Structure formats: structure tokens, C-alpha cells
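Peer 1: Below is a structure I'd like to ask you about.
Number of protein chains: 2
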Amino acid sequence: MDIPITRMKALFNPTSVAVIGASENEAKLGFHVMKSLTKGGFPGKIIPINPGSEEIMGLKTFPSIAELSYDIDLAIVVLPAKMVPAIFKECLAKGVQGIVLITAGFREIDDPMGAELHEQLAGIVNEAHVPVIGPNTFGMINLHANLNASFTPEFSLVRKGRIGLVSQSGGMCHLISFIAMRERVGFSKIVGIGNRLNVDFERMISYLMEDQDTDVIALYMEGIDQPRQLQEMARGLRGRKPIVAYKTGIGNLGDQASRSHTGSIAGRSDVYSGAFSQAGVLEVRSVEELLDTAKALARFPVLPGNRVAILSSQAGPGISAADICQRSDLTIVSFADQTQNRINEILPPLALRTNPVDMGPAWYNSEALVGIVRAVMEDDNVEGILLFMMFASANVDSIKGLSCLTENKRPRKPLITCLSAPPGIWDEHINRYEDAGILVNFPTPERASRVMANLNRYRRLAHSVPSA
Amino acid sequence: MDIPITRMKALFNPTSVAVIGASENEAKLGFHVMKSLTKGGFPGKIIPINPGSEEIMGLKTFPSIAELSYDIDLAIVVLPAKMVPAIFKECLAKGVQGIVLITAGFREIDDPMGAELHEQLAGIVNEAHVPVIGPNTFGMINLHANLNASFTPEFSLVRKGRIGLVSQSGGMCHLISFIAMRERVGFSKIVGIGNRLNVDFERMISYLMEDQDTDVIALYMEGIDQPRQLQEMARGLRGRKPIVAYKTGIGNLGDQASRSHTGSIAGRSDVYSGAFSQAGVLEVRSVEELLDTAKALARFPVLPGNRVAILSSQAGPGISAADICQRSDLTIVSFADQTQNRINEILPPLALRTNPVDMGPAWYNSEALVGIVRAVMEDDNVEGILLFMMFASANVDSIKGLSCLTENKRPRKPLITCLSAPPGIWDEHINRYEDAGILVNFPTPERASRVMANLNRYRRLAHSVPSA
Chain A
1 MDIPITRMKA
11 LFNPTSVAVI
21 GASENEAKLG
31 FHVMKSLTKG
41 GFPGKIIPIN
51 PGSEEIMGLK
61 TFPSIAELSY
71 DIDLAIVVLP
81 AKMVPAIFKE
91 CLAKGVQGIV
101 LITAGFREID
111 DPMGAELHEQ
121 LAGIVNEAHV
131 PVIGPNTFGM
141 INLHANLNAS
151 FTPEFSLVRK
161 GRIGLVSQSG
171 GMCHLISFIA
181 MRERVGFSKI
191 VGIGNRLNVD
201 FERMISYLME
211 DQDTDVIALY
221 MEGIDQPRQL
231 QEMARGLRGR
241 KPIVAYKTGI
251 GNLGDQASRS
261 HTGSIAGRSD
271 VYSGAFSQAG
281 VLEVRSVEEL
291 LDTAKALARF
301 PVLPGNRVAI
311 LSSQAGPGIS
321 AADICQRSDL
331 TIVSFADQTQ
341 NRINEILPPL
351 ALRTNPVDMG
361 PAWYNSEALV
371 GIVRAVMEDD
381 NVEGILLFMM
391 FASANVDSIK
401 GLSCLTENKR
411 PRKPLITCLS
421 APPGIWDEHI
431 NRYEDAGILV
441 NFPTPERASR
451 VMANLNRYRR
461 LAHSVPSA
Chain B
1001 MDIPITRMKA
1011 LFNPTSVAVI
1021 GASENEAKLG
1031 FHVMKSLTKG
1041 GFPGKIIPIN
1051 PGSEEIMGLK
1061 TFPSIAELSY
1071 DIDLAIVVLP
1081 AKMVPAIFKE
1091 CLAKGVQGIV
1101 LITAGFREID
1111 DPMGAELHEQ
1121 LAGIVNEAHV
1131 PVIGPNTFGM
1141 INLHANLNAS
1151 FTPEFSLVRK
1161 GRIGLVSQSG
1171 GMCHLISFIA
1181 MRERVGFSKI
1191 VGIGNRLNVD
1201 FERMISYLME
1211 DQDTDVIALY
1221 MEGIDQPRQL
1231 QEMARGLRGR
1241 KPIVAYKTGI
1251 GNLGDQASRS
1261 HTGSIAGRSD
1271 VYSGAFSQAG
1281 VLEVRSVEEL
1291 LDTAKALARF
1301 PVLPGNRVAI
1311 LSSQAGPGIS
1321 AADICQRSDL
1331 TIVSFADQTQ
1341 NRINEILPPL
1351 ALRTNPVDMG
1361 PAWYNSEALV
1371 GIVRAVMEDD
1381 NVEGILLFMM
1391 FASANVDSIK
1401 GLSCLTENKR
1411 PRKPLITCLS
1421 APPGIWDEHI
1431 NRYEDAGILV
1441 NFPTPERASR
1451 VMANLNRYRR
1461 LAHSVPSA
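Protein chains in written order, with this note's numbering: chain A, 1 to 468; chain B, 1001 to 1468.
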């Protein structure tokens, strides 16, 4: 089986989409798929297929794809499993470039009929080199093409961005997208690979490495069929685009006895961790860390080194950040003389003016804060900056000072922040700075600091020589 | 020095408040304090003190507290440090029950004059047994009394609740409150103890243990003067009300050389962890974990045992939760026969119907989901429940089924959830369930699971015999 990259591109960029099993009945997934396509603003042709309807959501409906007088790029299939082999044949006859198979009930069920059907389908499409997302998936979304080929119309609310998300769990994909909506993280593609008829992690990674809308690849994984193959492919692509992976299922859930056998659990987890590390894949431990890290890598793919500055308008957040830096491989570096002199001019002599800088004595002086940030930004000793500022009534305008950073046209150092205020007070400014690309903001200093530590881990992973 | 609990009660429940250093100038903290009191809806008398004004924010202003013809319960002081000793004497003459000293520039500055002033103040108030919050603090808030005695009016936006927050960092207190606003976590008191003239963690804990509005005590700590004393007091109060503590400053930030000396850093961290554990204090590692854990303990103070159920509408979130349960001391228990039979009736035979239950085959069937949750709720084998449900267009109404749990009048088992949807879709239902006390919801399955693990850690801490 070999699926050329051109076919993957066609799958994600169709000009016409047929929904085989489209429905006007809200209890059917075919209804929700139609809603996703139409509400999502897909600019191409949408063709509902249903022998029992003449029109669905205002669109002329055909009894079968075979009766169309023209070819179709993408077919989304939501019919019962046993009908799918015949449908696949019809699809191929209509020249489809790709298929999204939402239907469940193949390999994942215990009934041997499921596995047989799976093999039968694989035979049909593999021979024709047609890629299939699924079966047993919610579908996929190409945000930049306004293509929502899923049963969840709300995926279209996710911002367009540079992260390609590939997930083995539909639930996790939904969750990550909902958090992304709240935290304004953008995606290029959101893909539920489901039970992987012929599009697995490996194929998705190869494709996203070529995809011009994707800068960072985020993976949610439970178990993989061919870990060695994935590892070798990722190793070969090391450093081209960052890959961040969250792997769950470290224990054997089906086996009560082995559950308490922590030795074997830890062992399995270690095996994966080792493989990820050798392949240059950055492993993380939660959906939040996956999203946080991908968000930062999409903006600041390169942390040049491990020497960071911590600047905090209030002491506490700086101390929590220093703890995390000290536990990781980051160095809280000494400033260059020029920088230190500049800070000494700005802050009173009794403040903690060395790195980590407690800007507390100037916490409501916007000019002083910005002066310090600018001085540190220009310090060659510093390769990344953590900046924390908590709102108080008296410093409400301090946030505005950061706008001067948007004027600086020189290459930017990673500036990872926790700027926090009650809802509605600073959001507009923070959003503007994020959109201008000068910083990425996180809800807590700990999450910001862990992200900086992860940028540094990725730097090491991407540049180290792959071990045998 | 001994400060009776009645004085602490009076400090937090004044009927009259004087703001010494009140101002109409926005550049002065005395302006913001006045705004906090007036906008916060404090129902008692507010008396601005400023020799240069006749009226501030519509309130008659007096040149000094000495000129008042009546006594004052609480004085908030925002004057320069060197003026404070004389002011304190005036306050005592007016019978104040407590003082909030926002002014900085005492012990925390290197100038020996600062430490001298600190001692001088301590001598004045300790003799009179008058408690002082500060110096060098944003102040304190008693939400149930609508008393915002701080320089940040926005603290009044925090919900009234049952968590008492005591922090050594103003920045962290602000941050935690802002997150609490977004996540609807309620507090009883928010206190920045600052440089602790005579109200330290120990005294705050003793008071909050007696406070009828507080069920859980949350602490943010950097360093403490008398760790042994705090430890012994907490040990004596073990199990009365949960105490959750987040301690930062594990490394020596001032000393570049010792920073890379991870052995000593880990050692210091271990010392604190051991002390917390002996004192029955639940240690956490981030502001989010502090808030999450306190929120859950305020609703479900008692997890009867470590046997939990994981119920997930989609497989992924359940797997991530099982990982965390397996890494902690929680047991994913076998259901009682009756429960298992009921689940077997509801879910098709091919689903994973044992604990952790993959409710995937019924993910858009509200009745089935609720039937499973109810059956497990009634299972005596199960002592806590993790429930995960991710929105999709087709299961939008599934959330409504949980309302049946509000009708059950029997004592409730801890139900920790991650119910997630795009903004605005499920929020109203989740808020209603949280307000009804049937569940506490978290943004991710990992955070929900860590909270369950912490409820279990607290159960062990609270009930174990204190070691010598």
C-alpha cells in the first residue's frame, strides 16, 4: 500500500464533497455532517446522497453517488458498516481522491465480521491508492479551507492557525479544540484517525511535514501498531517541524491484575519515552501541556539556548518560575553589564535587580517595566524571557507599554508570559500582542515556565545526533 | 504577644473603617482602597482620613482619626512608613480592633531604619493585642461581609465561597483570584499577610479554623519564620478543616552558585514536604492545583476510601484518567454484581463495560449515560466517581440527564467531572450542577483525576496518627 502525498493533499483540499448517508433527521450523524459542511462555509460543491430525500438543507440530493454526472473529490461515509464495501467501489468509480469513513463497527468490535470488513475495505482502497480517514472517527477539519468534514459543526469555531492536530481519540480531539477556543489557539488541521484503515500517524506526519499551513505537529496517541516504523520516520524528519506527542494508556486497563504491577507499567511508559526521545519527538504529559507547548512552538520554534531571564512585576510568580527553571535544564543567566546597569538605573537599590528580577518596586510604573523588558530583550546573554505581570487597579495601564515591542523589527526572542487580569480588562491587549507575534501568554507562571523548559527540551532533541 | 481570636474576628468584621491616607488622586493607593470599600458594597461606615481634603468619593473626610468623635473598628493605613508609628498610636487611642497596613518599606528593605520601624510598630500593637495585616500587603477581603480592605477593587468580583486563601505574595493572590473568577471558585477570605507584623500563617490558620464561613484553608507560602511552630499547630488541628499548601522558593535564588546544586535544592524541598505531611497539610505544586484541590475539598471534604470508578463517554479521557489513578494510590475497583449487570443491560456486549467504563457506544444516548452514572453512584464498592463527557453536536442534550442526580437526597459521593463544550453551550448546566452540589467540574480529565488523587491523599493525611 502506498499513498502518494498528492492524494493526501487532495483529500484535505477537495472542491466537491459528497455526504453518503446525508440526513435531515437530527438523530442521524448524517445530519450533523451536513451541518458541519454547510455552516462551516465550505466554498466547494456539497452533494448530499440519500435515496429517500430530494433535498437536504436546501441542497439537491441524489439517490447514489453513481448517478452523478460528474466526479467527486471527497466522500464522507456515514452508512452502516455492511454497506460500506459497495459504497467504496462506487466512490472509486467516481474518481474520489479521498474518503472520510465515520462509520464504526469494523476492527474495533470483537465480532470477526468487523475485522473481515476492515480487510475487505483496505483491499479496495489500497489498490486504488485512495486515503481513508477512519473508520470510527468524528472526521477531519481543514480550517484554512473552511472544510469541516466531521459530525461536529462547532469545530469550525476553532481559529485558523499553524498547528496540525492528529488524534487517536475523538473525545480528546474535541476537548483539545474546546480548550483551544477558550485560549485562542489556532489549528491548521484537526484529524481523528480513528481505526486507521490506511492513514495512520506515520502517513499524517509525512503529509503535515509537507503541508504549508502547518508549522507544528501535535499528536494524541493511545497505542500504535508499528512503533518502530513511526520512530524511524520521525527520526528521519527530526528538526524539520516540531512534533509534540501526548501518549496515554501506560497501564493495562483490561487486566486488573497487571494494574497494580507498577513495575511493568513504568517500564512500558519508559519504552515509549525512549522511542520518542530518539525520534526527536517532544513528549508531554497532559492535554494542557500538549496545547501550551504546541502554541509556543508555533510562534517561537527556536529557542537559541538555555539561558533565560525571569522578569516579574510581583515577587511570587517569579519565584514559582525560578523553581521550575531550576528543576529543568534552563539557566537563569547573569545579565551583561550594560543590561544590569540599565536595570540599576530604573529600579531602586534595595530591589532584587539581578536575574530573576523582582520589578515589584516599579509594579505600577509602566515606563520602568518596559525599560527593563527592552534592556533584557537586547541582552545577548539572554536567549528567552519569562515575563509576569498581575493586574491591580493601580497598574491597569502597565500592559500598554508592551506595545513598543511590536515596533521592533529585529528577530524576536521567545517571550513567554503570564499577564493576568480579571476577565475583560487586559484580554484585548494580550490578544493584540499575541497576534502581533511578540509573545505567547499562559494562564499561570508555572505553565509559562514549563513551556519555556519544553522549548529548551525541543532545542536539544532537534539538534542532537540521532542515536542508533 | 498574644492576639485573642475575638480580635481576629473583629478585624475581619468591622462596622466602621477608616482609610488613613485616603485620596482622590488615582496615582495614590489611597484612591484605590477607597474605591474597593465603596464599590465593594461595604455596608458599614467608611471614613476617609486626609488633612488636605474635605470630601473623598462623596464621603466627609477628616484631617486625622484623632478628631473623630467616635471609635473605629478597622484602620487601613496607606501613609509613608515613617509616619506609621504615630498613626498607630492614634489608632489605638480610637479603640481600633485591627489594622491593615498596606505601606511598604519596613523589614523587607535593607535599610536598618526599616527593621527598626518594624520593631517599633510591633511593640505598639502587640502590647494592645491589636492584629495587623501587613505591612507591605495589598490588604485583605472578607467576601461574605462585602469588605474589600485592599487596593484592588476587582477582588469584589470573586464569588462568595468556603475557601479561605492566605498568601505571602500579593501577585499570587491576585492571580489565584483572577483564575477563580474565570472558573467560578468562591472564597470566604482573601488575605495577603505581607511582612507579618503580628499576623502570620499560624495565626491566620487558627482564626480560619474557627471561622464559620471557611471550610477549606488554602495557603501560598514562600518562606516561613517558624516552620516548627506552624507544623505543630497544624498537627494539633489535623483533620478539623483541610489545609492545602503551595510552597515555592525551593532554590536559593540569590545565590547563583547554589542554583545548579540540585542536591541541596531537592533536600530543602523534601524538608518542607515532610513537615507538611507530618502536620496533615496537603502539599500541591502549582496555583492551579491549589485552586482545583481547594475547590473539590470545599464540596467533598471526605472521600471515604480509595476505590474509584471512571466513566467516560469517549475512551480517550478515561484512559488518561486511568493513567493518573494507576500512578497514585487510587484503585479502579470492580463493580458489585448488581451494578455490572445493570451496565451490561445498558451497553452493548462489545463495549468495555467493566471499570473504567467506555460509554462510547452510548455517547449520544442521554438515558443510557445517566443510567450508568446512577447505578455506579449506588454501588457500595465505589467511593468516588470520575465522569467525563465531551460535547458533540449529537450529544448536546446528554448533559441534561445529570439533573436527576440533584433529586437524590442521600449523602453524595464525590463526583469529579470534566464536562467540556465550546464556550456558552454547556456552561449553564454545569454551573447549575456545581451550585446544586452534585459535582465539581474541571477543564481536563487529568486535572479532575489529580484532584481525586488529592482527595485521597488528604483522606490519608487527615486520619493517620501524627508521627512524633
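Where a beta carbon is used, it is the ideal one built from N, C-alpha and C, also for glycine. No experiment lies behind these values; they were computed from the predicted model shown.
(1) Does Tyr-1220(B) come within less than 8 Å of chain A when only Cβ atoms are used?
(2) Is Met-1359(B) helix, strand or coil when you go by DSSP?
(3) What does DSSP give as the partner residue(s) for Ser-150(A) in the beta ladder?
(4) Along chain A, which residues have their Cβ under 8 Å away from the Cβ of Asn-1443(B)?
(5) Who does Val-1284(B) pair with in a DSSP beta bridge?
(6) Just list the beta strand (DSSP E) runs in the stretch 1146 to 1201 of chain B, keeping only unbroken ones of 3 residues or longer that don't cross its boundaries, in chain order.
(7) Determine which residues of the stretch 1048 to 1073 of chain B have a Cβ less than 8 Å from any Cβ of chain A, and write them out in chain order.
(8) Helix, strand or coil for Arg-1007(B) per DSSP?
(9) Tell me which same chain residues have a C-beta within less than 7 Å of the C-beta of Pro-48(A), skipping the five on either side of it?
(10) Taking all protein chains shown into account, decide if Asn-344(A) is buried (16 or more other Cβ within 10 angstroms of its Cβ) or exposed.
(11) I want to verify the contact list: residues of chain A whose CB lies under 7 Å from the CB of Ser-1320(B), in sequence order.
(12) Tell me the rounded alpha-carbon separation between Gly-1384(B) and Gly-1305(B).
(13) Could you work out which residue in Val-185(A), Leu-68(A) and Val-199(A) is closest to Val-158(A) when comparing CA atoms only?
(14) Whole angstroms are fine: how far does the CA of Ser-1206(B) sit from the CA of Ile-1265(B)?
(15) Which residues, in chain order, does the stretch 141 to 159 of chain A contribute to contact with chain B at a C-beta distance below 7 Å?
(16) Could you check how far apart the C-beta atoms of Thr-1417(B) and Phe-1388(B) are, in whole angstroms? I think they sit under 8 Å.
(17) Report yes if the CB atom of Lys-1094(B) is closer than 8 Å to the CB atom of Leu-1068(B), and no otherwise.
(18) Within a Cβ cutoff of 8 Å, which residues of the same chain sit near Pro-1004(B), ignoring the five residues on either side of it in sequence?
(19) Counting only Cβ pairs nearer than 9 Å, list the residues of chain B close to Ala-394(A).
(20) According to DSSP, which residues form a beta bridge with Phe-388(A)?
(21) Going along chain A in order, which residues have a C-beta closer than 9 Å to the C-beta of Met-1113(B)?
(22) Taking C-beta to C-beta, are Gly-318(A) and Asp-358(A) nearer than 8 Å?
(23) Using three-state DSSP, classify Pro-112(A) as helix, strand or coil.
(24) Would Met-1209(B) pass as a contact of Lys-1241(B) if the rule is Cβ separation under 8 Å?
(25) Assuming contact is defined by CB atoms lying nearer than 8 Å, are Ser-64(A) and Glu-24(A) in contact in what I supplied?
(26) Can you confirm whether Met-1390(B), when its beta carbon is compared against all beta carbons of chain A, has any partner nearer than 8 Å?
(27) Around the C-beta of Thr-1006(B), are 16 or more other C-beta atoms found within 10 angstroms, so that it is buried, or is it exposed?
(28) Which value, in whole angstroms, describes the spacing of the CA atoms of Leu-219(A) and Ile-46(A)?
(29) Does the Cβ of His-174(A) have 16 or more other Cβ atoms within 10 Å, making it buried, or fewer, making it exposed?
(30) Could I get the ranges of all uninterrupted beta strand (DSSP E) runs contained in the stretch 22 to 107 of chain A, with 3 residues as the minimum, in chain order?
(31) Classify Val-271(A): buried if its beta carbon has 16 or more other beta carbons within 10 angstroms, exposed otherwise.
(32) So does the stretch 277 to 296 of chain A actually touch the stretch 329 to 349 of chain A, counting three or more Cβ pairs closer than 8 Å?
(33) What are the residues of the stretch 297 to 315 of chain A that lie near chain B, defined by any Cβ-Cβ distance shorter than 8 Å?
(34) Can you find at least 3 beta carbon pairs, one from the stretch 1217 to 1236 of chain B and one from the stretch 1160 to 1178 of chain B, that sit closer than 8 Å?
(35) Using the DSSP secondary-structure output, state which residues sit across from Leu-219(A) in a beta bridge.
(36) For Phe-138(A), which residues in chain B fall below 8 Å Cβ to Cβ?
Peer 2: Considering the structure as presented:
(1) Your numbering for residue 1220(B) matches position 220 in the second sequence. Using a Cβ-Cβ cut-off of 8 Å, Tyr-1220(B) counts as an interface residue toward chain A, since at least one Cβ of chain A sits closer than that to its own.
(2) As a working mapping, residue 1359(B) is identified with position 359 in the second sequence. Note: Met-1359(B) maps to coil in three-state DSSP.
(3) Counted from its first residue, the first sequence places residue 150(A) at position 150. Partner(s): Gly-139(A).
(4) Position 443 of the second sequence holds residue 1443(B). Looking at the sequence provided, one finds Pro at residue 1443(B) rather than Asn. Ile-179 and Glu-288, listed in chain order.
(5) For the purposes of this step, residue 1284(B) is taken as residue 284 along the second sequence, with counting starting at 1. Val-1284(B) is bridged to Tyr-1246(B).
(6) As far as the stretch 1146 to 1201 of chain B is concerned, its whole beta strand (DSSP E) runs of at least 3 residues are 1147 to 1150, 1159 to 1167 and 1186 to 1192.
(7) Within the stretch 1048 to 1073 of chain B, no residue places its CB atom closer than 8 Å to a CB of chain A.
(8) Translated into positions along the second sequence, residue 1007(B) becomes position 7. Note: Arg-1007(B) maps to helix in three-state DSSP.
(9) Your numbering for residue 48(A) matches position 48 in the first sequence. Answer for Pro-48(A): Val-19, Ala-22, Met-34, Ile-56, Leu-59 and Thr-61, listed in chain order.
(10) The residue labelled residue 344(A) in the question sits at position 344 within the first sequence. In the assembly as shown, Asn-344(A) is an exposed residue. Its beta-carbon has fewer than 16 other beta-carbons within 10 Å.
(11) If you number the second sequence from 1, residue 1320(B) lands on position 320. Within 7 Å of the CB of Ser-1320(B), the CB atoms of chain A belong to Thr-248, in sequence order along the chain.
(12) Residue 1384(B) sits at position 384 when you count from the first residue of the second sequence. Residue 1305(B) sits at position 305 when you count from the first residue of the second sequence. Their backbone Cα atoms lie some 8 Å apart in a straight line.
(13) The residue you call residue 158(A) lines up with position 158 of the first sequence. Looking only at Val-185(A), Leu-68(A) and Val-199(A), the smallest Cα-Cα distance to Val-158(A) is reached by Val-185(A).
(14) Translated into the one-based positions of the second sequence, residue 1265(B) becomes position 265. Translated into the one-based positions of the second sequence, residue 1206(B) becomes position 206. Confidence in Ile-1265(B) is poor, its pLDDT being 41 and thus under 50, which makes the residue's placement too unreliable to answer from.
(15) Flagged, chain order: Phe-151, Thr-152, Pro-153, Glu-154 and Leu-157.
(16) On the second sequence, residue 1417(B) is found 417 positions in, with the first residue counted as 1. On the second sequence, residue 1388(B) is found 388 positions in, with the first residue counted as 1. Rounded, the Cβ-Cβ distance is 7 Å, consistent with contact.
(17) For the purposes of this step, residue 1094(B) is taken as the residue at position 94 of the second sequence. For the purposes of this step, residue 1068(B) is taken as the residue at position 68 of the second sequence. Cβ atoms of Lys-1094(B) and Leu-1068(B): closer than 8 Å.
(18) Numbered from its first residue, the second sequence carries residue 1004(B) at position 4. Only His-1129 meet the Cβ criterion.
(19) For the purposes of this step, residue 394(A) is identified with residue 394 of the first sequence, where counting begins at 1. In chain order, Glu-1026, Ala-1027, Lys-1028, Leu-1029, Phe-1031, His-1032, Phe-1151 and Thr-1152 make up the part of chain B whose C-beta sits under 9 Å from the C-beta of Ala-394(A).
(20) Locating residue 388(A) in the first sequence gives position 388, counting from the first residue. Beta-bridge pairing by DSSP links Phe-388(A) to Ser-312(A) and Cys-418(A).
(21) On the second sequence, residue 1113(B) is found 113 positions in, with the first residue counted as 1. Ordered by position in chain A, no residue passes the 9 Å Cβ test against Met-1113(B), which lies about 11 Å from the chain.
(22) Looking up residue 318(A) in the first sequence gives position 318. Looking up residue 358(A) in the first sequence gives position 358. Against a cut-off of 8 Å, the Cβ pair of Asp-358(A) and Gly-318(A) comes out as a contact.
(23) Within the first sequence, numbered from 1, the residue matching residue 112(A) stands at position 112. Assignment of Pro-112(A) by DSSP, reduced to helix, strand and coil, places it in the helix class.
(24) Reading the second sequence from its first residue, position 209 is the one you call residue 1209(B). Reading the second sequence from its first residue, position 241 is the one you call residue 1241(B). Yes, Cβ-Cβ distance for Met-1209(B) and Lys-1241(B) is below 8 Å.
(25) Position 64 of the first sequence, counted from the first residue, corresponds to residue 64(A). Position 24 of the first sequence, counted from the first residue, corresponds to residue 24(A). It is not a contact, given that the beta carbons lie outside the stated cut-off.
(26) The residue given as residue 1390(B) occupies position 390 in the second sequence. Closer than 8 Å to the CB of Met-1390(B) there is at least one CB belonging to chain A.
(27) Reading the second sequence from its first residue, position 6 is the one you call residue 1006(B). Per the 10 Å Cβ criterion, exposed.
(28) Locating residue 219(A) in the first sequence gives position 219, counting from the first residue. Locating residue 46(A) in the first sequence gives position 46, counting from the first residue. Straight-line Cα distance between these residues: approximately 30 Å.
(29) What you label residue 174(A) is simply residue 174 of the first sequence in a count that begins at 1. By the neighbour-count rule (16 or more Cβ atoms within 10 Å), His-174(A) is buried.
(30) Listed in chain order, they are 45 to 49, 74 to 77 and 98 to 101.
(31) Residue mapping note: residue 271(A) aligns to position 271 of the first sequence, counting from 1. Exposed: under 16 other Cβ atoms inside 10 Å.
(32) A contact between stretches requires three or more CB pairs, one per stretch, nearer than 8 Å, and the stretch 277 to 296 of chain A fails this requirement with the stretch 329 to 349 of chain A.
(33) For the stretch 297 to 315 of chain A, the residues whose beta carbon sits under 8 Å from a beta carbon of chain B are, in order, Ser-312, Ser-313, Gln-314 and Ala-315.
(34) As far as the Cβ criterion goes, the stretch 1217 to 1236 of chain B touches the stretch 1160 to 1178 of chain B, which means the pair count is three or higher.
(35) As a working note, residue 219(A) is residue 219 in the first sequence. When beta bridges are read from the DSSP output, Leu-219(A) appears opposite Val-166(A) and Ala-245(A).
(36) Counting from 1 along the first sequence, the entry for residue 138(A) is found at position 138. Correct list: Ala-1392.
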